[in-house]
Every structure is written in C-alpha cells, then in structure tokens.
Amino acid sequence: MDDHKQELFYEMTEHLLKDEVPSIYLNELLKKPRSKEFPLNLLLKMQKTEQSKKHHPEGNVWNHTMLVTDEAAKVREKSKDSRVFMWAALLHDIGKPDTTRMRKGRITAYDHDKVGTKLCVEFLRFFTDEEEFIDSVRVLVRYHMHMLYVLNKLPFGDIENLLKEADINEIALLSLCDRLGRTGADIDEEQENYEKYLSKLQTEKEKVK
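So the sequence shown is numbered by our numbering: it starts at 6 and just counts up by one.
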C-alpha cells in the first residue's frame, strides 16, 4: 500500500476516533483536490444528492452524514469497536447517490443500504486489507435501516441474517445516531425507539438460541 493511502486512512481514522466534532475535519477534507478522486469522490457525491425535506430538513446526504458522524462521536465509547463504529457512521449512506430517485414527486433511495454494502467495501479496500475490519463495517452499513423496518413492521427487513451477522448493541446504537442526525430530531422519541428496537432484537435473539 503506498504511503499516501496509509497516511490519509490514518488521518481520517484519527479524526473519527478523537475529534469531538469530526465533521469539521471531514468538511475541510472534501474541499481538497483529492476529494475528486476515488474513493473520496464517493463521499463528494453525497453533497449533490438531495433528500426528502420532510424526513431530512438538514438537506443533502452529506449534511445528514455529518450530523450522524457527530452524533456517533458522542457515543463511540459505548461501542465495542469504535473504529468500526465510526467508519460505519461515515459510510452508512454511501449507497444513496446511486439509488436516489424522484418517484411521484417524492425523493426515495430504495435499497441504498444494500448498494452501500458493496460501496463501503470498495471504499475501505482502497486503504486497507484488514478484511475483518472491512466486513464489520459492511455489516453495520447493511443493517442500519432495520430499526425503521422492524418498528414499522415493513417487509424489507432481514432479521434472521441481522442476528447471524451483527452485534445487536452496535447496530441499534448506529441506528440511534442515524435517527438523531437530522435537523429537528425528537431526542426523547428517538431514545424510546432505540430502546424498543434493542428490546425487540434481544427477544428475537433469545428465540434462536
């Protein structure tokens, strides 16, 4: 791996793990010329990807991602692996630019979690050959939408594989950050949803023991 790749990956990781507000560094990073090159261009595309103003008054996918990453920084010490957790927060919506469509006057991003699974692996493999680390990030990106699916009884969930692949505490914590990373989020309501979701996952996990 060349030195420039290693240096950038180390730098990004350090800011994700140590900054109180990682978005300050990340926003500056995307102003640099190298952000137009792979894989940082996958992040840059988020700035040009709009979201539903009803669900995301903060605006584009990058704005949301920065709010989520900053929320994740507040709770990263609760994670069993803060490096995996913070990279998953940064990359959780990396699939939205490729899946965002206008449907009947509504902005949607169906399957962005599935598409994001592939893209986050490509992104991280550019920097590192740590397959266990990459796979752990992949799992969190893959299942980050499941709080919405489970609590609203939507048919898109895959609880069986979530329980096989993911740590339920990690996925629930990332889901909470995702929900809080929106302008005007109701903190009490989202905390309650997080607790309901975690309880539901714990119940389902007991069934398959």
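Just so it is clear, CB atoms sit at the ideal spot from N, CA and C, and this is done for glycine as well.
Between the beta-carbon of V146 and that of G121 there is about 5 Å, and that keeps the pair under the 8 Å contact cut.
In the three-state scheme derived from DSSP, where H, G and I count as helix and E and B as strand, I176 is classed as helix.
Under the three-state reduction of DSSP output, R187 falls in the coil class, being neither helix nor strand.
Under the DSSP definition of a beta bridge, T113 partners with R106. Note that the stretch 53 to 60 touches the stretch 100 to 107; at least 3 beta-carbon pairs, one per stretch, sit closer than 8 Å.
Of I192, K36, K123 and I176, the smallest CA-CA separation from H151 is found for I176. Cβ-Cβ separation between E25 and A94: approximately 14 Å, too far for a contact (criterion under 8 Å).
With 16 or more neighbouring CB atoms inside 10 Å of its own CB, Y202 falls in the buried class. In the three-state DSSP reduction, N68 falls in the helix class (H, G or I).
Counting along the chain, L167 sits inside the alpha helix (DSSP H) bounded by residues I164 to E170. Contact between the stretch 179 to 193 and the stretch 57 to 77 is present: three or more C-beta pairs spanning the two stretches fall below 8 Å.
When the Cα atoms are used, Q196 and S180 turn out to be separated by approximately 10 Å. Per DSSP, reduced to three states, the secondary structure at T74 is helical.
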